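One structure below.
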Amino acid sequence: MKTTKKRNIVLLITAVAFIVGIAITAYAEEQAVKIPNVSIVMKCPQCALFGTTPPDGKIEITLADVLKVHGFCALGGSFSFRAAKEGLKLLYGSELPIRHQIKVQTSNQCCQAAALAYITGARGKDYGALHAQGKLIILPPEDKKIVFTDIPSGKSVTLRLLFNPHTTMAPLLKKAFKDPSFAPEVTKVMNEKIQEYLYAPREKLFIVE
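Last residue of the sequence shown: number 208 in numbering that gives the first Met the number 0, and the count goes up by one each step with no gaps.
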């Protein structure tokens, strides 16, 4: 009788622990920023030459990769990713863009410029490069545009930016830094805006010139 009672207690404790574990996991997943599995495919002949990619020189750059470079604010990285995806598609069509042969001019600075540099391989004096394979040029914030130029052909595409994601995030981040209990609200906004920046119609984000 005592053995049965002990066994029931053990089973009850195990069941409670299991339920609590599920609840904690669900809560953690609810709080996490969800990063969609999207990517930009490019070619890097230099990488193929020296064996840092497969022989075809293809490089797949995921949004998760970009966010590792961009930093803790997922909105700027997601916005830059979408801008690059749209700009390169308009510039190259069905052809794969050649990394390091793209000039990028951007009025979105700081980590957003770093994200564009990571994707395209663009470098320049504004990004601390001694030898620029591409060019990264930082424009005044009031220009509100990103320009992608294929260096060999001189062809370019301009995206006029309808907003800057940092305008949304800056006050929220400032509040969360002062009061960490506000962080889940920031995460919620990030999840909503990531979906918007990646999947909204292009005309909601940029004007193409």
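We put the beta carbon where it would ideally sit given N, CA and C, even for glycine. Note that the coordinates shown come from a computational prediction; the quantities given were computed from them, not determined experimentally.
{"Asked": "Burial state of G20, where buried means 16 or more other Cβ atoms lie within 10 Å", "Found": "Residue confidence for G20 is low, a pLDDT of 42 falling below 50, so the modelled location carries little weight; the figure read from the coordinates is stated next. Exposed is the call here."}
{"Asked": "For G56 and M189, the rounded distance between their alpha carbons", "Found": "33 Å"}
{"Asked": "Length of the line joining the Cα atoms of A25 and Q194", "Found": "At A25, the pLDDT of 39 sits below 50, so the modelled position is not reliable; the number obtained from the coordinates is stated separately. In a straight line, the C-alpha of A25 is about 21 Å away from that of Q194."}
{"Asked": "Local Cβ density within 10 Å of Y198, reported as buried at 16 or more and exposed below that", "Found": "exposed"}
{"Asked": "Every unbroken beta strand (DSSP E) inside the region 79 to 141 [3 residues or more]", "Found": "101 to 105 and 134 to 137"}
{"Asked": "Straight-line gap, A175 to S77 (C-alpha atoms, nearest Å)", "Found": "20 Å"}
{"Asked": "Pairwise C-alpha distance: R81 and N36", "Found": "13 Å"}
{"Asked": "Proximity below 7 Å, CB of K228 to CB of S106", "Found": "Not covered by the structure: residue 228. The range shown for the chain is 0 to 208."}
{"Asked": "Three CB pairs or more closer than 8 Å across the region 103 to 117 and the region 154 to 166", "Found": "yes"}
{"Asked": "DSSP beta-bridge partners of A158", "Found": "The sequence given here places Leu at residue 158; Ala does not occur at that position. DSSP output for L158 lists I145 and V207 as bridge partner(s)."}
{"Asked": "A37 - partner residues in DSSP beta bridges", "Found": "The sequence given here places Val at residue 37; Ala does not occur at that position. Answer is none; V37 lacks a bridge partner."}
{"Asked": "Segment limits, alpha helix (DSSP H) that includes E191", "Found": "A182 to Y198"}
{"Asked": "K42 and L95 closer than 7 Å at C-beta", "Found": "yes"}
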